[in-house]
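Participant:
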Amino acid sequence: MYFLMTNDVESFSIPLNRLGPDTAREVYEVGLPRLLDVYAKTDIRCTFYFTGKMVEMVPEAVELVLDHGHEIGCHGYDHSPDRAFDLMDLDEQIRELKRAKDVTEGVSGRIYDFRAPPLRINEYTIRALEETRFTTDSSIA
Ligand SMILES: [Zn+2]
């Protein structure tokens with residue numbers, strides 16, 4: 020049996036729940052290793068979509084995911100609702116994608132996959148993804 024498994028790795032909800040940077044670090048140091056252990060025991064390979072902000076906060080998380088044989092994808096730079104892609108024109112989307120891609124590829128190497136934060140895109144997104152050389156988009160289920 021085959022199925023697809025993905026994970027979004029973002030810090031967006033931490034301040035909303037009145038938690039701080041220590042919580043983000045705990046997610047990386049405790050939660051992520053537990054999740055990776057479950058995937059290893061069940062022989063599941065996934066794509067982990069990181070926001071650029073999360074990569075900047077804990078680049079070690081990207082390395083840990085890669086060390087476990089999973090794929091890295093891009094979940095935009097900023098997951099805030101006011102930075103959603105459906106609110107941006109083409110040039111803004113291209114800038115946002117380049118920023119996120121540069122940050123992430125600086126740790127992971129070349130990435131190809133994108134998922135819009137928070138799953139919101141508009142008529143410019145496909146063109147912006149082509150301009151920034153992403154080849155897959157899992158923003159729409
Ligand atoms: Zn997300």
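Each residue of the sequence shown is one higher than the last, beginning at 20 in my numbering. Note that beta-carbon positions come from the ideal geometry of N, C-alpha and C, so glycine has one too.
(1) Would a C-beta distance cut-off of 7 Å place T70 and H98 closer than the cut-off?
(2) At which residue ranges does the stretch 65-128 contain complete alpha helix (DSSP H) runs of 4 or more residues, listed in the order of the chain?
(3) Mind checking whether Y68 and D105 have CB atoms under 7 Å apart?
(4) Buried or exposed: A59, going by 16 or more other Cβ atoms within 10 Å of its Cβ?
(5) Assuming the contact rule is C-beta atoms closer than 8 Å, V81 and S127 should be a hit. Round their C-beta distance to whole Å, please.
(6) Starting from V57, trace the alpha helix (DSSP H) in both directions and tell me its first and last residue.
(7) Would V122 be called buried (16 or more neighbouring beta carbons within 10 Å of its own) or exposed?
(8) Starting from T25, trace the beta strand (DSSP E) both ways and give me its first and last residue.
(9) Quick check: what's the CA-CA separation for T42 versus T144?
(10) How is T151 classed by DSSP in three states: helix, strand or coil?
(11) Since I believe D132 is in contact with S158 (beta carbons under 8 Å), could you give me their beta-carbon distance rounded to a whole number of angstroms?
Facilitator: Let's see:
(1) Taking the first residue of the sequence shown as 1, we reach residue 70 at position 51. Taking the first residue of the sequence shown as 1, we reach residue 98 at position 79. Cβ atoms of T70 and H98: closer than 7 Å.
(2) Listed in chain order, the alpha helix (DSSP H) elements of length 4 or more contained wholly in the stretch 65-128 are 71-76, 78-86 and 109-127.
(3) Within the sequence shown, the letter at position 49 stands for residue 68. Within the sequence shown, the letter at position 86 stands for residue 105. Taking 7 Å as the Cβ cut-off, Y68 and D105 do not qualify as a contacting pair.
(4) Translated into positions along the sequence shown, residue 59 becomes position 40. Exposed: under 16 other Cβ atoms inside 10 Å.
(5) Counting from 1 along the sequence shown, the entry for residue 81 is found at position 62. Counting from 1 along the sequence shown, the entry for residue 127 is found at position 108. Contact flag correct, Cβ pair sits at about 5 Å.
(6) As a working mapping, residue 57 is identified with position 38 in the sequence shown. Here the alpha helix (DSSP H) through V57 covers L51 to K60.
(7) As a position in the sequence shown, residue 122 is number 103, starting the count at 1. Counting Cβ neighbours within 10 Å, V122 comes out buried, since at least 16 surround it.
(8) Here residue 25 corresponds to residue number 6 of the sequence shown, with the count starting at 1. It spans T25 to V28 - the beta strand (DSSP E) in which T25 sits, taken as one unbroken run.
(9) For the purposes of this step, residue 42 is taken as residue 23 along the sequence shown, with counting starting at 1. For the purposes of this step, residue 144 is taken as residue 125 along the sequence shown, with counting starting at 1. Taking the straight line from one Cα to the other gives about 32 Å.
(10) Residue mapping note: residue 151 aligns to position 132 of the sequence shown, counting from 1. The answer is coil: DSSP assigns T151 none of H, G, I, E or B.
(11) By one-based count along the sequence shown, residue 158 stands at place 139. By one-based count along the sequence shown, residue 132 stands at place 113. Contact between S158 and D132 does not hold, since the beta-carbon distance rounds to 11 Å and is not under 8 Å.
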